[in-house]
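Student: I'd like to ask some things about the structure below.
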Amino acid sequence: MNSQKILVLRLSAVGDVIRTLPAVKALKEQVPSSSITWIVEEPSQAFLESQPEVDSVILFPRKRWTKGMKSLGTVWQTIREMRRFIAGLRKRKFDVVLDFHGILKSGLLSFLSGSRKRIGYDRSSTKEGNFLFSNLKVRLPKEKISRFERNFALLRGMGFEVRDVKYSLHIPPADREYVASFLESSAPPLNRPLIAIHPGTSIKALFKRWPPDQYARLADRLVRELSATVLFTWGAEELEWVESIRRQMKEPSLLGPKTESLTQLGEVYRQCDLYIGGDTGPMHVASLMGIPVVVIYGPTDPIENEPLGSHIKIRKEVGCNPCHNYPCKELLCVKAVSADDVFKATKEILSLTP
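Using my numbering, the first residue of the sequence shown is number 11, and each one after it goes up by one.
Below, the structure is given as structure tokens:
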């Protein structure tokens, strides 16, 4: 593997890209002379470009191509762009392709890259016939494992040892200064522990949101009983949800800064003593920043979506979870978790943190 050109495939979503990065870092540490190129969709492009383990990033413009193929006026232009994209891939002459994604799109990109060594998962661990495009296949353990461990398993299948991975996102100096300025200007002075709460989710995953009244009850207890400062983080389309929680609170709280990147968000969490929230991308960002995490699980699988590092998982079995019933209105699984459950876990993990 020395001095080889490696192509990494994990196209989306942002949370899955985040969970692939530690494996890529482990690979770079073991083969420091390698050159790593990553193909990814637009939401994760800037984030990956900020990480030193990734030597170059290639944008996979899926949305633009999909739109272009739907119109007779742009279909041939789109096809020509696709051909140039594939020609550019082949021109790079990658020695090895690592397909962490395991779907049809990533399999096609792996094959069309022209690389002679295409490594992916076996038939039982891929979708849409992806296994047909790799010529070196890695078999995963029979027991259920986390997405982090799934990615590490691809490296182990190549013969690398991956043990006790400790990983932190690289934070550009400008992002450190931005967050430092926000915290310094916060009034009144911040008490410790400084606890970050991220109550939102993407619009597509509303069924994972814990009720706002529970968040308000929990946050009030953290302030009153632990003398904590509660800092709410938020993303696009989540601000009103966060403000609805703060309006229900009786104690003061701090609204986190508007973050323009995952590295800015990571720096916010790096300054905190604990993260509390649901199964979301920000939860994985917090876990990679080395702070303990308390995760509230509802419909998602707590093993598959387990964070990296110190954490406590809170989940109640209600008979129908885990599931992927996105339009669910009952939400029994998230409603079954109480503020007392989360407060107890918070005290426990803080007592174990040096």
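Where is the CB? At the ideal position from N, CA and C, for every residue including glycine.
Is the CB-CB distance between V249 and C282 below 8 angstroms?
Tutor: Taking the sequence shown and counting its residues from 1, the one referred to as residue 249 is at position 239. Taking the sequence shown and counting its residues from 1, the one referred to as residue 282 is at position 272. Looking at the sequence shown, residue 249 is not Val but Leu. No. Outside cutoff.
Student: Mark C343 as exposed unless 16 or more other C-beta atoms lie within 10 angstroms of its C-beta, in which case mark it buried.
Tutor: Position 333 of the sequence shown holds residue 343. Buried is the call here.
Student: So, under 8 angstroms CB-CB, V34 and E63 are touching, yes? Tell me the CB distance rounded to an integer number of Å.
Tutor: To locate residue 34, count along the sequence shown from 1; it is residue 24. To locate residue 63, count along the sequence shown from 1; it is residue 53. V34 to E63, Cβ: 6 angstroms. Contact.
Student: If we ignore side chains and look at the alpha-carbon of each, how far apart do V107 and G124 end up?
Tutor: Within the sequence shown, numbered from 1, the residue matching residue 107 stands at position 97. Within the sequence shown, numbered from 1, the residue matching residue 124 stands at position 114. Taking the straight line from one Cα to the other gives about 9 angstroms.
Student: To the nearest whole angstrom, what separates the beta carbons of I324 and D351, a pair I think is in contact under 8 angstroms?
Tutor: Within the sequence shown, residue 324 is the residue found at index 314, counting from 1. Within the sequence shown, residue 351 is the residue found at index 341, counting from 1. Yes, they are in contact, since the Cβ atoms of I324 and D351 sit about 5 angstroms apart, within 8 angstroms.
Student: At 3 residues or longer, what runs of the beta strand (DSSP E) sit wholly inside the region 307-354?
Tutor: Taking only runs of at least 3 residues, the beta strand (DSSP E) segments lying wholly in the region 307-354 are 321-324.
Student: Return yes when the Cβ of N140 is within less than 8 angstroms of the Cβ of L114, no when it is not.
Tutor: Position 104 of the sequence shown, counting from 1, holds the residue named residue 114. Position 130 of the sequence shown, counting from 1, holds the residue named residue 140. Yes. Within cutoff.
Student: CA-CA distance, I286 and T88?
Tutor: For the purposes of this step, residue 286 is identified with residue 276 of the sequence shown, where counting begins at 1. For the purposes of this step, residue 88 is identified with residue 78 of the sequence shown, where counting begins at 1. Straight-line Cα distance between these residues: approximately 44 angstroms.
Student: At which residues does the alpha helix (DSSP H) containing R90 begin and terminate?
Tutor: Indexing the sequence shown from 1 puts residue 90 at position 80. Where R90 is concerned, the enclosing alpha helix (DSSP H) stretches over 85-102.
Student: Would you kindly report the start and end of the unbroken alpha helix (DSSP H) that includes D26?
Tutor: Against the sequence shown, residue 26 aligns to sequence position 16. Where D26 is concerned, the enclosing alpha helix (DSSP H) stretches over 24-40.
Student: Under 8 angstroms by Cβ, that's how I've got A163 and L146 pegged, so tell me the actual separation to the nearest angstrom.
Tutor: Stepping through the sequence shown from its first residue, residue 163 is reached at position 153. Stepping through the sequence shown from its first residue, residue 146 is reached at position 136. Actually they do not touch by this definition, with Cβ atoms about 13 angstroms apart.
Student: How many whole angstroms separate the CB atoms of D109 and S116, which I take to be in contact at a CB cut-off of 8 angstroms?
Tutor: The sequence position of residue 109 within the sequence shown is 99, counting from 1. The sequence position of residue 116 within the sequence shown is 106, counting from 1. At roughly 5 angstroms, the Cβ-Cβ gap stays under 8 angstroms, so D109 and S116 are in contact.
Student: Check for me: the alpha helix (DSSP H) holding S195 runs from which residue to which?
Tutor: Sequence index remark: in the sequence shown, residue 195 carries index 185 (1-based). Per DSSP, S195 belongs to the alpha helix (DSSP H) from 183-195.
Student: For D185 versus S271, is the C-beta spacing smaller than 8 angstroms?
Tutor: As a first step, residue 185 is located in the sequence shown; it is residue number 175 there, counting from the start. As a first step, residue 271 is located in the sequence shown; it is residue number 261 there, counting from the start. In this structure, S271 lies closer than 8 angstroms to D185 by Cβ.
Student: Leaving out five residues on either side along the sequence, give the residues of the same chain with a beta carbon under 6 angstroms from the beta carbon of S135.
Tutor: Translated into the one-based positions of the sequence shown, residue 135 becomes position 125. Once the five neighbours on either side are set aside, the close Cβ partners of S135 are L150.
Student: Is DSSP giving W75 helix, strand or coil here?
Tutor: Stepping through the sequence shown from its first residue, residue 75 is reached at position 65. Reduced to three states, the DSSP call for W75 is helix.
Student: At what residues does the beta strand (DSSP E) containing L108 begin and finish?
Tutor: In the sequence shown, counting from the first residue as 1, residue 108 sits at position 98. 106-109 is the span of the beta strand (DSSP E), which, as asked, contains L108.
Student: Can you check the region 225-298 for any alpha helix (DSSP H) of at least 4 residues that lies completely inside it and give the ranges in chain order?
Tutor: Within the region 225-298, the complete alpha helix (DSSP H) runs of at least 4 residues are 249-258, 272-280, 291-298.
Student: Which one of Q274, P182, K127, L236 has the shortest CA to CA distance from V189?
Tutor: In the sequence shown, the residue the question calls residue 189 occupies position 179. Among Q274, P182, K127, L236, the Cα nearest to that of V189 is on Q274.
Student: Determine, using beta carbons only, whether T84 comes closer than 8 angstroms to chain B.
Tutor: Any reference to chain B falls outside this structure, which holds one protein chain only.
Student: Three-state secondary structure (DSSP) at S212?
Tutor: Reading the sequence shown from its first residue, position 202 is the one you call residue 212. Of the three classes helix, strand and coil, the one that applies to S212 here is coil, per DSSP.
Student: Does the region 258-265 come within contact of the region 227-246, defined as at least 3 CB pairs closer than 8 angstroms?
Tutor: A contact exists between the region 258-265 and the region 227-246.
Student: Please classify E316 as buried or exposed, where buried requires at least 16 neighbouring CB atoms within 10 angstroms.
Tutor: As a working note, residue 316 is residue 306 in the sequence shown. The residue in question, E316, is buried, as its Cβ has 16 or more Cβ neighbours within 10 Å.
Student: Going by DSSP in three states, I359 sits in which element: helix, strand or coil?
Tutor: Counted from its first residue, the sequence shown places residue 359 at position 349. Three-state DSSP puts I359 in a helix.
Student: Just to confirm, does L150 get its C-beta within under 7 angstroms of one of the non-hydrogen atoms of the ligand NAD?
Tutor: This structure does not include the ligand NAD; it has no bound ligands of any sort.
Student: Mark Y336 as exposed unless 16 or more other C-beta atoms lie within 10 angstroms of its C-beta, in which case mark it buried.
Tutor: As a position in the sequence shown, residue 336 is number 326, starting the count at 1. Under this definition Y336 is an exposed residue.
Student: Using the Cβ count rule (16 or more neighbours within 10 Å means buried), how would you classify E159?
Tutor: Within the sequence shown, residue 159 is the residue found at index 149, counting from 1. It counts as buried.
Student: When the Cα atoms are used, what is the spatial distance from R133 to P198?
Tutor: In the sequence shown, residue 133 corresponds to position 123, counting from 1. In the sequence shown, residue 198 corresponds to position 188, counting from 1. Approximately 57 angstroms between the Cα atoms of the pair.
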